[in-house]
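As given, the protein sequences belong to chains A and B, one line each in that order.
The first sequence maps to residues 1 to 624 in my numbering.
The second sequence maps to residues 625 to 804 in my numbering.
To start, the structure under review is shown below, and the notes come after it.
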Amino acid sequence: MALLQISEPGMSTAPHQHHLSAGIDLGTTNSLVASVRSGVAETLPDEQGCHLLPSVVHYQQGQPPLVGAEALAKATVDPFNTIASIKRLMGRSASDVKSLAGHLPYHFAEGDGRVPRLVTAAGEKTAVEVSADILAALKARAEKTLGGELEGVVITVPAYFDDAQRQATKDAARLAGLKVLRLLNEPTAAAVAYGLEQGGEGLVAIYDLGGGTFDISILRLHKGVFEVLATGGDSALGGDDLDHVVAEWMLESAGIETSDDHHLMRRFMTAARKAKEVLSGQPSTDIAVELPDGSNWRGTLTLEKFNELIAPLIKKTTNACRRTLRDAGVKKQEVREVVMVGGSTRVPLVREMVGTFFGREPLVDIDPDKVVAVGAALQADVLVGNKPEGDMLLLDVIPLSLGIETMGGLVEKLISRNTTIPVARAQEFTTYKDGQTAMAIHVLQGERELVADNRSLARFELRGIPPMVAGAARIKVTFQVDADGLLNVTAEEETSGVQASIEIKPSYGLTDNEIETMLRDSMEHAHEDMAQRMLREQQVEADRVVEALDAALAKDGDILLSAAEKKTILAARDALIAARNEGDTAAIKAAIKGVEVAADDYVERRMNSNIRQAMAGHNVEEFE
Amino acid sequence: MPIDLSANHFELFSLPVSFDIDLNELGEKYRALQAATHPDKFAASDAQAQRISVQGATHVNEVYETLKDPLRRGFYLLELEGVGLGTHEYTTSDAMFLMQQLEHREALEAVTDSDDPFAALDALRDVVTAEEEQQMAVFKAAYAAQDYDTAYDALTKVMFIRRLQDQIEETEAHLEDELD
């Protein structure tokens, strides 16, 4: 067994130093953390040997929250303070929550409706904060196991997550003190874990039915390149919903109309989940649920009846498969492998219907609960810099179209779904009044024609447009979707070159200020020094910058730079190292900026040189 | 800019300026260019390098989308000749063609009432696909002859045809979802 390389904070960066990273599967029902150790990606267990961390948080007054199995144990005795399936609320508004009310028996605070807040014994909690508590538990587990601080993580999200849901996930990571190297789509992570690209070229379908979300992705594999052709799904359909239809059947059998008794509902949901699990291996199961009057309801659920109850839901997923194949422009006969991911794919009917649809036996070799975390760990290991010459490349797509509101409440599409990211579109706008200095742009995500039928992402207010006659201003607004699938908007008045300022009002989710406040609160709670943490983060960042620069210079510094240019860059580098060792956060920040400015041309030359070499049919490695 | 934006799309991909493209070769070069520019390759670098990488990879994606699609490739070739939105209308005035498109649309609306809607859709799709191929052939010949007006007109007709194809796909998807 190889020794773990432990990096001491404060040590100078040596070449080939092993960077600690992890992949995190933040699931609806369970979460996992995995890491690459001695070249192998594995999920990390807790001290009791459990790999799965139930995605459940229990809040109590004046005490730190319980996360995982301990919290789950409180679910039936203290349901309002025990938060499960929080992923369903990520990036959702209060009105969305109402439609999920049957599944989520919690108290919600009255508020502005933008961000739903759960009322708990430890105060009001947003979905982002609850998720951050789960992430913090995984972070602690990983750092304890690996023996050092994580430099960065890859967190997986359902491919079908929209912008608001992705942003909420990233916010939760920030709150938990994690640096996110990339948000990775869960089906893509699974494809990486299976090493499917090693089986040669071809098309694969990844069917991912989790606790609360469903994804289908069609990928083309090609010598280490995973190219997603299309993705589809339903970000509100999963194993929870299977439990729900079973619970409804039990309630009906017991002669109980929909109940406001949350304790009772929880008991029925728990019994339904158990029945589902038993029916994965047996033809029928006996169920008993304690009723409020102390008596027991007893019943028998056969596999046949269970299949009849859930078939309409599974049908929805195969319909989504058909639409996604259509979007990918491929026929199901062309698909070489079908991979099953997510705990809910253990249900026999799911395997059967998916197998029938694709006309082939689906792959179930890797534990469907762990496969996503393992893929994320492999990607994290590459991104953190442990495999700089690796040839793995993931090309993913945006799952839902992006558009803007136009006259009459209609949506004009700017970026169609299944476009490869990163992607940008520029759109020109003009003023309609003399002297107009501001305008608003409403950005939406979805496939429908009417604004009301799509998801509102944000309203952008452009200010500082130079006053001109109506129609004279040329405001170029650029919508950029980055490799995490997140939207950034910039605007410029072209005739004057004035950079218009943009104020973002997210339709859902938290503002930057709200996150900052939460960050401060959480540190006070953890008795952590905010200044110390900021300094440490900047020092890690400084080490990263120096290491990346040194690696670049060693490779092509003498080819691409004159002696004078190299001297300037080295001076900025040395200034950064000095600032880093002195330990002044602001000075380190400025010194990093200094390196960026000094190396600006060099970075561009490197990329152009990369491109030339790529086009010359050679890889950079071949020159070494 | 990381990538020389004055380079035209064909130059970036080291391809001759031509309508005829080997799609396998284009795909190979696309993946090589993404490997050189993608943000994942710069995740360990500083923020500036990451920004430049996002711009570079975005541009490579945009160029690839343009070159991959015969319609967009055609419009781009005309743009290189100074023919585009500034010089031409974004529609055709060919009355015969427009009439034909109207008839197709009526046929599409009638599909759901037919005995075998899927067969009817397939038949319509075949007709429309043949029309697209025919217009692209018109484009190719006109472009080669430097008759850019005719070439542009053929592409605008393909745009009409593409919209109809989208509607055919949409109709078929609805029909499939309604099945069993």
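Ideal placement from N, C-alpha and C gives every residue a C-beta, glycine not left out.
Element boundaries [alpha helix (DSSP H), containing residue i]
{"i": "A/Met-607", "result": "600-615"}
{"i": "A/Thr-317", "result": "303-328"}
{"i": "A/Leu-72", "result": "69-72"}
{"i": "B/Leu-722", "result": "719-735"}
{"i": "A/Leu-535", "result": "530-552"}
Coil, strand or helix - residue i by DSSP
{"i": "A/Phe-161", "result": "coil"}
{"i": "A/Val-246", "result": "helix"}
{"i": "A/Glu-621", "result": "With a pLDDT of only 41 at A/Glu-621, under the threshold of 50, the placement of this residue in the model should not be trusted, and no figure is reported."}
{"i": "A/Thr-420", "result": "strand"}
{"i": "A/Gly-294", "result": "coil"}
{"i": "B/Leu-704", "result": "helix"}
{"i": "B/Ala-769", "result": "coil"}
{"i": "A/Val-77", "result": "coil"}
{"i": "A/Glu-8", "result": "Caution is warranted here: a pLDDT of 41 is assigned to A/Glu-8, below 50, making its placement in the model unreliable, and the coordinate value is therefore given only provisionally. Note: A/Glu-8 maps to coil in three-state DSSP."}
{"i": "B/Val-782", "result": "helix"}
{"i": "B/Leu-647", "result": "helix"}
{"i": "B/Phe-666", "result": "helix"}
{"i": "A/Gly-299", "result": "strand"}
{"i": "B/Leu-803", "result": "coil"}
Alpha carbon of residue i to alpha carbon of residue j, nearest angstrom
{"i": "A/Thr-317", "j": "A/Gln-613", "result": "44 angstroms"}
{"i": "A/Gln-379", "j": "A/Phe-479", "result": "27 angstroms"}
{"i": "B/Glu-756", "j": "B/Phe-763", "result": "10 angstroms"}
{"i": "A/Arg-266", "j": "A/Gly-294", "result": "16 angstroms"}
{"i": "B/Met-625", "j": "B/Gln-724", "result": "Only weak support is given to the placement of B/Met-625: the predicted model assigns it a pLDDT of 39, under 50, and the value that follows is read from those uncertain coordinates. Roughly 47 angstroms between the two C-alpha positions."}
{"i": "A/Lys-274", "j": "A/Ala-254", "result": "18 angstroms"}
{"i": "A/Ala-607", "j": "B/Ala-631", "result": "Sequence check: residue 607 of chain A is Met here, not Ala. Rounded to the nearest angstrom, the two C-alpha atoms are 15 angstroms apart."}
{"i": "A/Ser-522", "j": "A/Leu-175", "result": "8 angstroms"}
{"i": "A/Leu-196", "j": "A/Gly-583", "result": "46 angstroms"}
{"i": "A/Ala-164", "j": "A/Gly-91", "result": "5 angstroms"}
{"i": "A/Ser-95", "j": "A/Ala-483", "result": "30 angstroms"}
{"i": "B/Ser-677", "j": "B/Val-687", "result": "15 angstroms"}
{"i": "A/Arg-166", "j": "A/Gly-39", "result": "29 angstroms"}
{"i": "B/Asp-693", "j": "A/Ala-438", "result": "38 angstroms"}
{"i": "A/Val-153", "j": "A/Ser-131", "result": "15 angstroms"}
{"i": "A/Ala-137", "j": "A/Val-67", "result": "7 angstroms"}
{"i": "A/Thr-188", "j": "A/Ala-586", "result": "38 angstroms"}
{"i": "B/Gly-698", "j": "B/Leu-650", "result": "16 angstroms"}
{"i": "A/Phe-460", "j": "A/Leu-510", "result": "15 angstroms"}
{"i": "A/Glu-494", "j": "B/Thr-682", "result": "21 angstroms"}
{"i": "A/Arg-544", "j": "A/Leu-237", "result": "40 angstroms"}
{"i": "A/His-18", "j": "A/Asp-381", "result": "9 angstroms"}
{"i": "A/Val-411", "j": "B/Gln-674", "result": "32 angstroms"}
{"i": "A/Glu-277", "j": "A/Thr-82", "result": "22 angstroms"}
{"i": "A/Tyr-106", "j": "A/Phe-80", "result": "5 angstroms"}
{"i": "B/Lys-653", "j": "A/Val-330", "result": "22 angstroms"}
{"i": "A/Gly-342", "j": "A/Asp-369", "result": "5 angstroms"}
{"i": "A/Leu-325", "j": "A/Ala-591", "result": "50 angstroms"}
{"i": "A/Ala-191", "j": "B/Asp-718", "result": "49 angstroms"}
Terminal residues of the beta strand (DSSP E) in which residue i lies
{"i": "A/Gly-233", "result": "225-234"}
{"i": "A/Leu-462", "result": "455-463"}
{"i": "A/Ile-24", "result": "21-26"}
{"i": "A/Phe-479", "result": "475-481"}
{"i": "A/Ala-491", "result": "487-493"}
{"i": "A/Ile-83", "result": "82-84"}
{"i": "A/Leu-393", "result": "393-395"}
Identity of the residues DSSP links to residue i by a beta bridge
{"i": "A/Leu-402", "result": "A/Ile-415, A/Gln-445"}
{"i": "A/Met-340", "result": "A/Tyr-207"}
{"i": "A/Ser-38", "result": "Note: A/Ser-38 sits in no beta bridge, so no partner."}
{"i": "A/Ala-440", "result": "A/Glu-461"}
{"i": "A/Ser-217", "result": "A/Ile-206, A/Thr-231"}
{"i": "A/Phe-31", "result": "For clarity, residue 31 of chain A is Ser in the given sequence; the question names Phe instead. DSSP output for A/Ser-31 lists A/Leu-26, A/Leu-53 as bridge partner(s)."}
{"i": "A/Phe-108", "result": "A/Leu-118"}
{"i": "A/Gly-594", "result": "According to DSSP, A/Gly-594 bridges with nothing at all."}
{"i": "A/Glu-428", "result": "A/Lys-476"}
{"i": "A/Val-335", "result": "A/Leu-203"}
Which of the residues in the stretch 166-193 of chain A, read from start to end, lie with their CB under 9 angstroms from any CB of chain E? Here chain E cannot be found, since the structure's protein chains are A and B.
Enumerated in chain order, which unbroken segments of the beta strand (DSSP E) with a length of 3 residues or greater are wholly contained in the stretch 115-201 of chain A? 118-120, 123-125, 152-157, 180-185
Go through the stretch 258-288 of chain A residue by residue and report every complete run of the alpha helix (DSSP H) that reaches 4 residues or more, in order. 262-278
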